[in-house]
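Number of protein chains: 2
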Amino acid sequence: MPDDAPDPTTQRLPDRLDVVGLGSPLVDVLSRATEEQLAAAGLSRGAMALVDLAAAEVLYAAMGPTIEVSGGSAANTMAGIAALGGAAGFFGKVADDELGHVFVHDIRAAGVEFHPVMVPASADGGPGAEAQGTGRCLVLVTGDAERTMATHLGVATTIGPGDVPEDLVARAGVVYLEGYLWDLPPAKEAMRRAIEIAHERDGSVALSLSDPFCVDRHQREFLELLLDDVDVLFGNEEEMVRLFDAESLDQAITSAEETGLLVAMTRGAKGSVVLTPRGPVEVPAAPVDQVMDTTGAGDLYAAGFLYGLTHGAGPEECARLGSLCAAEVISHLGARPEADLRQLVREAGLLS
Amino acid sequence: MPDDAPDPTTQRLPDRLDVVGLGSPLVDVLSRATEEQLAAAGLSRGAMALVDLAAAEVLYAAMGPTIEVSGGSAANTMAGIAALGGAAGFFGKVADDELGHVFVHDIRAAGVEFHPVMVPASADGGPGAEAQGTGRCLVLVTGDAERTMATHLGVATTIGPGDVPEDLVARAGVVYLEGYLWDLPPAKEAMRRAIEIAHERDGSVALSLSDPFCVDRHQREFLELLLDDVDVLFGNEEEMVRLFDAESLDQAITSAEETGLLVAMTRGAKGSVVLTPRGPVEVPAAPVDQVMDTTGAGDLYAAGFLYGLTHGAGPEECARLGSLCAAEVISHLGARPEADLRQLVREAGLLS
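Note that the protein sequences, when read in sequence, are chains C and G.
Going by the numbering used here, 244 is the number at position 244 of the first sequence; the sequence numbering is gapless.
Going by the numbering used here, 557 is the number at position 205 of the second sequence; the sequence numbering is gapless.
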């Protein structure tokens with residue numbers, strides 16, 4: 001790929017950003033797939049599996065024709081906030097290769113402030129070169145529009161506390177953390193450093209639980225984070241049940257309420273529930289003509305919610321904004337918004 | 353990108369292919385654009401411009417978020433024929449880089465036989481490295497779904513007669529040539545060699561006029577080709593008018609009829625006209641709920657038409673198959689089919 005959007009370092013930067021996200025920069029490689037293909041690949045429907053380079057190559061070879069489009073959970077959320085008119089920043093590590101340039105171009109073109117740490121591309125990227133190349137997420141979309149993901153993180157795995165852009169994080173009203181990064185010890189330290197900076201500057205910290213298996217892997221640490229470090233929590237029903245070891249959804253909701261945090265629990269086609277100290281608020285999903293690909297639904301829900309939160313909306317309106325953005329992104333292939341989100345917000349009479 | 357679909361050289365290859373295409377292998381880089389962006393880039397609406405690497409980089413930097421998806425005119429046509437159940441082959445030159453691997457993966461995953469000539473990727477691909485890297489086509493889709501293209505051909509420009517896979521071409525019932533390649537003298541010789549092989553084996557030769565400006569650049573040579581070398585001609589109204597220096601569409605149709613060839617003239621939303629020695633046949637466009645992106649409309653029309661031609665259909669049914677495939681590809685972003693074309697053909701009661 002040729003070079004990218006105007007370098008933000010030469011532009012006047014805003015003193016304050018609404019939200020800064022930390023996550024793995026990934027390029028999504030999407031194709032339609034059958035249930036048989038999921039089974040053959042040993043993938044768990046609807047979940048995200050981390051795979052090494054060799055496994056990613058085998059799976060890619062078995063996939064049908066693909067579409068490449070920038071992704072990454074927190075990056076998708078930041079692109080959504082920018083599309084809503086918010087001031088968003090992002091950080092994460094990419095390689096100086098074609099996919100890395102694609103990622104950088106797309107997130108800047110979306111209006112997100114991003115000063116990439118670009119790792120030199122390896123000469124070959126062959127077997128054994130586990131941490132080489134920009135991360136990619138193989139996304140298999142089945143007939144019911146559900147997405148199942150296999151991610152090869154590439155150089156995204158090498159992010160550490162020294163890579164945290166202190167100025168960027170210090171300018172954020174909210175620092176948004178992708179739970180997925182908790183899989184990598186140095187990335188975990190980077191997240192802790194970002195939390196520290198946010199708290200020094202009276203910023204808030206939002207955490208996405210990312211994936212049920214991710215919750216299983218880090219349940220204890222996530223619960224500890226909720227005690228002292230997190231202000232806003234995002235997750236779907238299954239993730240909340242697993243996080244709180246709940247026997248039922250009601251029990252998970254009760255446990256979530258007891259944290260005293262602002263908790264947004266997404267429920268797919270049933271919409272979402274927001275838990276606040278003043279009790280739960282249920283909000284329906286926004287209507288969609290045809291669900292094409294659920295990739296990015298949770299990411300864009302978080303985008304709408306956080307945009308609302310940083311623009312004076314109450315919990316219910318935040319959830320409605322989340323539903324609206326999620327509905328847009330599931331109506332087409334790919335996890336970044338295509339329609340004009342600001343216009344959708346106006347048409348829905350929100351934030352008026 | 354990791355490696356690609358199963359290597360066809362290790363599989364049993366069919367003795368006979370319906371169609372083999374020769375064209376530039378490209379990865380499309382698509383984004384939505386405004387009329388102002390087209391004007392600022394100096395691009396002619398609806399046309400294809402060839403640009404050097406520096407111009408491609410400037411334009412890419414100014415584009416919004418993009419989607420990367422395999423393209424290339426003749427390659428799209430071959431992917432369509434394979435999706436219809438036909439036996440299709442393709443040849444063209446890619447670089448051994450990420451976009452090259454994406455192209456190879458996607459065309460094989462579509463079921464097209466392709467033995468790529470892979471040129472080593474350059475170490476940097478910086479300015480001045482004009483013939484480096486896999487070709488890419490920057491596609492700007494405006495609000496009316498029209499696509500305007502700027503192509504940097506990369507290593508596709510270096511194809512010459514020595515690169516023609518004689519065995520592949522010799523197995524083809526029809527050799528399909530993309531007019532775009534006529535811009536490059538060595539590629540022109542490759543096309544002449546492919547025509548020679550086709551004629552030695554009693555194969556037919558089909559030519560796509562590709563683009564009005566392409567016709568302007570090569571009018572005389574295209575007319576000479578029609579005299580001796582071409583059996584089937586594809587083009588839209590404007591291309592036919594320019595090819596025959598006609599003062600009106602009727603005059604272009606008369607001139608096209610006088611060639612004695614099988615001529616398919618596409619007319620956008622008005623469908624197509626097929627000219628045969630037994631008089632013209634008009635066929636309407638197939639219905640589309642919403643036109644999203646016209647990229648690939650002509651390519652997929654040719655796919656349906658040639659599939660019909662190699663499966664016993666008459667001119668009218670060929671045109672109906674073309675309309676059906678074109679309608680599918682304009683209903684989504686990207687120039688390769690996403691729906692099951694075989695099912696669409698069955699539902700339309702064609703080839704039954």
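Glycine included, each C-beta is placed from N, C-alpha and C at the ideal position.
For clarity, every value in this text was computed on a predicted model and none was experimentally measured.
When DSSP reads this structure, LEU138 of chain C sits in a beta bridge with C:VAL29 and C:ALA150.
Separation of ALA348 of chain C and LEU309 of chain C (C-alpha to C-alpha, rounded to the nearest whole angstrom) is 17 Å. No Cβ of chain C is located within less than 9 Å of the beta carbon of ILE433 of chain G.
Cβ-Cβ distances below 6 Å link ALA550 of chain G to VAL527 and VAL557 in the same chain, with the five nearest sequence neighbours on each side left out; the list follows chain order. The alpha-carbon separation between GLY650 of chain G and PHE586 of chain G amounts to approximately 8 Å.
Cβ-Cβ distances below 7 Å link VAL117 of chain C to LYS93 and ASP163 in the same chain, with the five nearest sequence neighbours on each side left out; the list follows chain order.
For PRO212 of chain C, the enclosing alpha helix (DSSP H) stretches over residues 212-228.
Rounded to whole angstroms, the separation of the alpha carbons of SER675 of chain G and GLU634 of chain G is 11 Å. The beta carbons of THR486 of chain G and ALA447 of chain G sit about 5 Å from each other, so the pair counts as a contact at 8 Å. ALA190 of chain C is bridged by DSSP to nothing; it lacks a bridge partner.
For the pair of segments examined, the stretch 489-496 of chain G was found to touch the stretch 371-389 of chain G: the number of CB pairs separated by less than 8 Å reaches three. Distance from the Cα of ARG688 of chain G is smallest, within the candidate group G:GLY432, G:VAL567 and G:ALA413, for G:GLY432. In summary, the residues of the stretch 97-120 of chain C whose CB is separated from some CB of chain G by less than 7 Å are ASP97, GLU98, LEU99, VAL102, HIS105, ASP106, ALA109 and ALA110, in the order they occur in the chain. Around GLY64 of chain C, the beta-carbon contacts reaching into chain G at under 7 Å are ALA461.
The beta carbon of LEU685 of chain G sits closer than 9 Å to some beta carbon of chain C. Annotated as distal: PHE466 of chain G and LEU374 of chain G, with beta-carbon spacing of 9 Å or more. For TYR176 of chain C, the beta-bridge partners assigned by DSSP are C:GLY21 and C:ALA206. When DSSP states are grouped into helix, strand and coil, PRO468 of chain G belongs to the coil group.
The beta carbon of LEU177 of chain C sits closer than 6 Å to those of LEU22, MET191 and LEU207, all from its chain and outside the five residues before and after it, given in chain order. As the crow flies, the alpha-carbon of THR254 of chain C is around 43 Å from that of HIS105 of chain C. For the pair ALA435 of chain G and LEU378 of chain G, the CB atoms are not nearer than the 9 Å cut-off. For PRO280 of chain C, the beta-bridge partners assigned by DSSP are C:LEU275. The closest CA to that of GLY623 of chain G, considering only G:GLU610, G:TYR532, G:GLY612 and G:VAL640, is found on G:VAL640.
Here DSSP, grouped into helix, strand and coil, assigns MET415 of chain G to coil. Not flagged as an interface residue toward chain C: ILE682 of chain G, since no C-beta distance is shorter than 9 Å. No residue range can be given for GLY85 of chain C, since it is assigned to no alpha helix (DSSP H) and is classified by DSSP as neither H nor E. DSSP lists C:VAL29 and G:GLU420 as the beta-bridge partner residues of GLU68 of chain C. Residue C:GLY304 holds the alpha-carbon nearest to the alpha-carbon of GLU328 of chain C among C:GLU316, C:GLY304, C:LEU351 and C:ALA313. For the alpha helix (DSSP H) assignment, the uninterrupted runs of no fewer than 4 residues enclosed by the stretch 233-279 of chain C are, from N- to C-terminal side, 237-243 and 249-258. According to DSSP, residue pairing for ASP449 of chain G in a beta bridge does not occur. For GLU498 of chain G, the closest Cβ of chain C is not nearer than 9 Å. Annotation for LEU402 of chain G: the continuous beta strand (DSSP E) segment containing it runs 400-402. Using a 10 angstroms sphere on the CB of GLU200 of chain C, the tally of other CB atoms stays under 16, which defines it as exposed. Against chain G, the beta carbon of VAL69 of chain C has neighbours under 9 Å at PRO417, THR418, ILE419, GLU420 and VAL421, listed in chain order.
In the three-state scheme derived from DSSP, where H, G and I count as helix and E and B as strand, SER683 of chain G is classed as coil. Per DSSP, LEU341 of chain C is one residue of the alpha helix (DSSP H) stretching across 341-347.
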